[in-house]
Amino acid sequence: MSELDILNYLSEYKRIFSFMTADEIMKKDLITLTPENKLSEARVIMRDKRISGIPIVDGEGKLVGLVSTERIIRALEEGVINKKVGEYMTPLDKIIYLEPNDTFEKVVETFEKYKYGRYPVIDKKGKLVGLITKHDILRAILRRLHSIYIHDKRREAFLSKEVSILTGEEFIENRASFKYEINTSSIMEAGEGTTFLKKVLEKRNYPKPFIRRVSVGTYEAEVNVVIHAGGKGLILAFFDENSVVVLVRDWGPGIEDVDLAMKEGYTTAPDYIREFGFGAGMGLPNMRRVADRLIILSQVGKGTKVEMVFNIREGES
Amino acid sequence: MTLAEIRDILEAKVYACEELLDKEVKYGCASDMISDILAFATPGSVLLTGIVSPQIVKVGKILDLAGIVIVRGKEPLPETVDKAKEENIPLLKTRYFLFDACGKLYERGLRGV
């Protein structure tokens, strides 16, 4: 695949990954040099680490320039390879950079527009916080592709059997660490199962931020069952030392177009639901945000199954 | 800022958990959309909202919010008050509109998440 193809490909996915920001895409463990280092040192690092550009920072970690392999090649030709980086780097005012909050769309558009290989990411104070190459974008997408929506024939097999799509294991109800039957058509009562699950997780001493993620994902799924599936469904949770798997299933009408449903702001909720603060069209995007892996399996007329895997993330314990 | 200060600033009525008003509030957030709240509110925040159903307490519990203030003078439903007592989440009501309530708290130093 040529580089142009990759960019075209990414453009098509701009909207789907619209919830990602530069902060999530960028590489954070960076190799940097200061203006005092020599170009020859940059050359050795680029060769050994197989990188094609090095950000140059001052003593406070602020970005002041960038040195690329092209620059090194020219420096060799010009016989200045033993000179200081500071004199030959691309200065800050000539560098296109990104900010941590920039959207996926902005990141891809920057690649399309400027055709450079890498873009530093700097915070409001000018401090270098990351670097983004095309490689990093692909890596971030692959990480996010943990969310899979299955539309084809496979869904029948999985919808009729209580098997985890993510792990292949059988979901045996009586082996679940937690089970709650959703049985209410009243939107006022939605969320009881999640509140109950949260208390159980608290008793098991899982880390608090982790419990919040599990609860937010489960709550959105539970509310969906009440709004869209006649209020009859099942929440099962399987606890492990470092992870919790949550399965929320119903036998309701199913989702016609999961891709559409995943779009932020898209909603099929009836008007009266909105009076209760629901129907913002954020349920599925919220689930995707909090879960480490998410699968939504749905067939019209047969119901919907949401499987979420939550792993205790670094910094949560 | 404590919840008691927030009560005073907003001239609010307390419906549940008066004994917890010395709780320190870290941030403020405001929305009438539950999914937005789930997406953006951080633990220890006070939530200003027009939602009066018990859902809002469940959301408060899920997110470990410090307290909930219902705006525009709306009365919380009796179920909502019961739920707030059950879940130990302070529940208040102010006559101010959402915008004004936020402004008053911001003016006194409370910041958003």
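Protein chains in written order, with our numbering: chain A, 138 to 454; chain B, 1104 to 1216.
No residue lacks a Cβ here, since even glycine has one placed at the ideal position from N, Cα and C.
Could you tell me the boundaries of the beta strand (DSSP E) in which residue i lies?
{"i": "L1150 of chain B", "result": "1149–1152"}
{"i": "P257 of chain A", "result": "255–259"}
{"i": "M445 of chain A", "result": "440–448"}
{"i": "I433 of chain A", "result": "430–436"}
{"i": "I392 of chain A", "result": "Here I392 of chain A belongs to no beta strand (DSSP E), and DSSP marks it neither H nor E."}
{"i": "F1200 of chain B", "result": "Where F1200 of chain B is concerned, there is no enclosing beta strand (DSSP E), given that its DSSP letter is neither H nor E."}
{"i": "R386 of chain A", "result": "380–387"}
How close, in whole Å, do the beta carbons of residue i and residue j come, if the pair is a contact with beta carbons under 8 Å?
{"i": "N423 of chain A", "j": "S1138 of chain B", "result": "6 Å"}
{"i": "M104 of chain A", "j": "I193 of chain A", "result": "What the structure shows of chain A is the stretch from 138 to 454, and residue 104 of chain A is not part of that stretch, so it cannot be assessed."}
{"i": "S435 of chain A", "j": "G391 of chain A", "result": "5 Å"}
{"i": "K175 of chain A", "j": "K221 of chain A", "result": "6 Å"}
{"i": "A1142 of chain B", "j": "C1132 of chain B", "result": "About 10 Å separates the two Cβ atoms, so there is no contact after all."}
{"i": "L203 of chain A", "j": "I182 of chain A", "result": "In fact, because the Cβ distance is near 13 Å, the residues do not count as touching under 8 Å."}
Closer than 8 Å, CB to CB, is residue i near chain B or not?
{"i": "K340 of chain A", "result": "no"}
{"i": "N423 of chain A", "result": "yes"}
{"i": "S352 of chain A", "result": "yes"}
{"i": "E357 of chain A", "result": "yes"}
{"i": "K261 of chain A", "result": "no"}
{"i": "F415 of chain A", "result": "yes"}
{"i": "T321 of chain A", "result": "no"}
{"i": "H288 of chain A", "result": "Residue placement at H288 of chain A is flagged as unreliable, the pLDDT there being 48, under the threshold of 50; the coordinate-derived value follows with that caveat. Cβ-Cβ to chain B under 8 Å: no for H288 of chain A."}
{"i": "R450 of chain A", "result": "no"}
{"i": "G420 of chain A", "result": "yes"}
{"i": "G370 of chain A", "result": "no"}
{"i": "A366 of chain A", "result": "no"}
{"i": "A179 of chain A", "result": "no"}
{"i": "T171 of chain A", "result": "no"}
{"i": "A327 of chain A", "result": "yes"}
{"i": "T331 of chain A", "result": "yes"}
Closer than 8 Å, CB to CB, is residue i near chain A or not?
{"i": "E1178 of chain B", "result": "no"}
{"i": "K1164 of chain B", "result": "yes"}
{"i": "P1181 of chain B", "result": "no"}
{"i": "I1173 of chain B", "result": "no"}
{"i": "I1230 of chain B", "result": "Examination of residue 1230 of chain B is not possible in this model, given that chain B is present from 1104 through 1216 alone."}
{"i": "K1129 of chain B", "result": "no"}
{"i": "K1126 of chain B", "result": "no"}
{"i": "I1109 of chain B", "result": "no"}
{"i": "K1116 of chain B", "result": "no"}
{"i": "A1133 of chain B", "result": "no"}
{"i": "L1151 of chain B", "result": "no"}
{"i": "L1141 of chain B", "result": "yes"}
{"i": "D1167 of chain B", "result": "yes"}
According to DSSP, is residue i helix, strand or coil?
{"i": "E224 of chain A", "result": "helix"}
{"i": "D273 of chain A", "result": "helix"}
{"i": "G330 of chain A", "result": "helix"}
{"i": "E1114 of chain B", "result": "coil"}
{"i": "I191 of chain A", "result": "strand"}
{"i": "N513 of chain A", "result": "Given that chain A is displayed from residue 138 to residue 454, the structure contains no residue 513 of chain A and the question cannot be resolved."}
{"i": "I168 of chain A", "result": "coil"}
{"i": "A1187 of chain B", "result": "helix"}
{"i": "Y409 of chain A", "result": "helix"}
{"i": "E1210 of chain B", "result": "helix"}
{"i": "G198 of chain A", "result": "coil"}
{"i": "V351 of chain A", "result": "helix"}
{"i": "G1163 of chain B", "result": "helix"}
{"i": "S177 of chain A", "result": "helix"}
{"i": "R1175 of chain B", "result": "coil"}
{"i": "D289 of chain A", "result": "Here D289 of chain A scores only 48 on pLDDT, less than 50, and its place in the model should not be relied on; the value that follows carries that caveat. The answer is coil: DSSP assigns D289 of chain A none of H, G, I, E or B."}
{"i": "T158 of chain A", "result": "strand"}
{"i": "E1127 of chain B", "result": "strand"}
{"i": "N320 of chain A", "result": "strand"}
{"i": "A358 of chain A", "result": "helix"}
{"i": "L1106 of chain B", "result": "helix"}
{"i": "G452 of chain A", "result": "coil"}
{"i": "K262 of chain A", "result": "coil"}
{"i": "C1205 of chain B", "result": "helix"}
Can you check whether the CB of residue j is closer than 8 Å to the CB of residue i?
{"i": "G1170 of chain B", "j": "L1213 of chain B", "result": "no"}
{"i": "L1166 of chain B", "j": "R208 of chain A", "result": "no"}
{"i": "S380 of chain A", "j": "I449 of chain A", "result": "yes"}
{"i": "C1120 of chain B", "j": "K1196 of chain B", "result": "no"}
{"i": "I269 of chain A", "j": "A159 of chain A", "result": "yes"}
{"i": "K1161 of chain B", "j": "T332 of chain A", "result": "yes"}
{"i": "L371 of chain A", "j": "I410 of chain A", "result": "no"}
{"i": "V1117 of chain B", "j": "P1179 of chain B", "result": "no"}
What residue range does the alpha helix (DSSP H) around residue i cover?
{"i": "A1142 of chain B", "result": "1137–1143"}
{"i": "N423 of chain A", "result": "420–427"}
{"i": "K369 of chain A", "result": "It is not in any alpha helix (DSSP H) - K369 of chain A instead sits in the beta strand (DSSP E) that spans 369–376."}
{"i": "F415 of chain A", "result": "No alpha helix (DSSP H) contains F415 of chain A, which DSSP labels as neither H nor E."}
{"i": "R312 of chain A", "result": "Segment: none, R312 of chain A is in no alpha helix (DSSP H) and carries neither H nor E."}
{"i": "T247 of chain A", "result": "241–251"}
{"i": "A212 of chain A", "result": "206–215"}
Could you list which residues in chain E have their beta carbon closer than 8 Å to that of residue i, in chain order?
{"i": "A1119 of chain B", "result": "Absence of chain E from the displayed structure is noted, the protein chains being A and B."}
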